[in-house]
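Q: What follows is a structure written as structure tokens; I'll ask about it next.
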Amino acid sequence: MKTETGISEVNRKAIAKELAKILADESVLRLKTRNAHWNVEGGDFYEKHMFFDVQSMELDKIIDTVAERMRSIGHYAPASMKTYLGLTHLSEQIVELNDSQVHQRNSYGS
Ligand SMILES: [Fe+2]
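Following the numbering used here, the numbering of the sequence shown begins with 3 at its first residue and continues without gaps.
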């Protein structure tokens, strides 16, 4: 599936390495977004539920574009959580409350 780009193999490998990190970040962010979509609570539940659904679909498109770009330069796209967790810059944040309005108040210090 490699497309002839005129980019050397050394540079394609370096690009693929960076794209894998982006793919990992976007994939972990997508899972976090699905978590928010599924588990958000509060008076604005419906708006936030729909917002996170749209956000998740947009992330799907980005993830697909990054993975296909990796394939087009002759490299495989990683597709396992284990690999993503080793590459991502993101970390877990476990919260006990899922009420978006409580989080908003806490974020602004009131
Ligand atoms: Fe849903």
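We treat Cβ as the ideally placed atom computed from N, Cα and C, and that holds for glycine.
Which partner residues of glutamate 43 appear in the DSSP bridge assignment?
A: BP columns for glutamate 43 point to Asp101.
Q: Is aspartate 55 near ligand 1, judged by its Cβ being under 8 Å from some heavy atom?
A: True, at least one ligand heavy atom lies under 8 Å from that Cβ.
Q: Give me, in chain order, the residues of the same chain whose beta-carbon lies closer than 7 Å to that of leucine 61; leave out the 5 immediate sequence neighbours on both sides.
A: Cβ neighbours of leucine 61 beyond the five flanking positions: Glu28, Leu31, Arg32 and Thr35.
Q: Could you check whether the Cβ of histidine 77 sits closer than 8 Å to any heavy atom belonging to ligand 1?
A: It does not: the Cβ of histidine 77 is nowhere closer than 8 Å to a heavy atom of ligand 1.
Q: Just checking histidine 51 against ligand 1 - is the residue's beta carbon closer than 8 Å to any of the ligand's heavy atoms?
A: Because some heavy atom of ligand 1 lies under 8 Å away, the Cβ of histidine 51 counts as near it: yes.
Q: Where do the ends of the alpha helix (DSSP H) carrying leucine 87 lie?
A: Taken as a continuous stretch (DSSP letters only), the alpha helix (DSSP H) holding leucine 87 covers 83 to 89.
Q: Quick check: the Cα distance between serine 58 and isoleucine 75, rounded to an integer number of angstroms?
A: Each residue's alpha carbon lies about 26 Å from the other.
Q: Between Lys50, Ile24 and Val104, which lies nearest to glutamate 86 when the distance is taken from Cα to Cα?
A: The sequence given here has tyrosine at residue 86, not glutamate. The option with the nearest alpha carbon to tyrosine 86 is Ile24.
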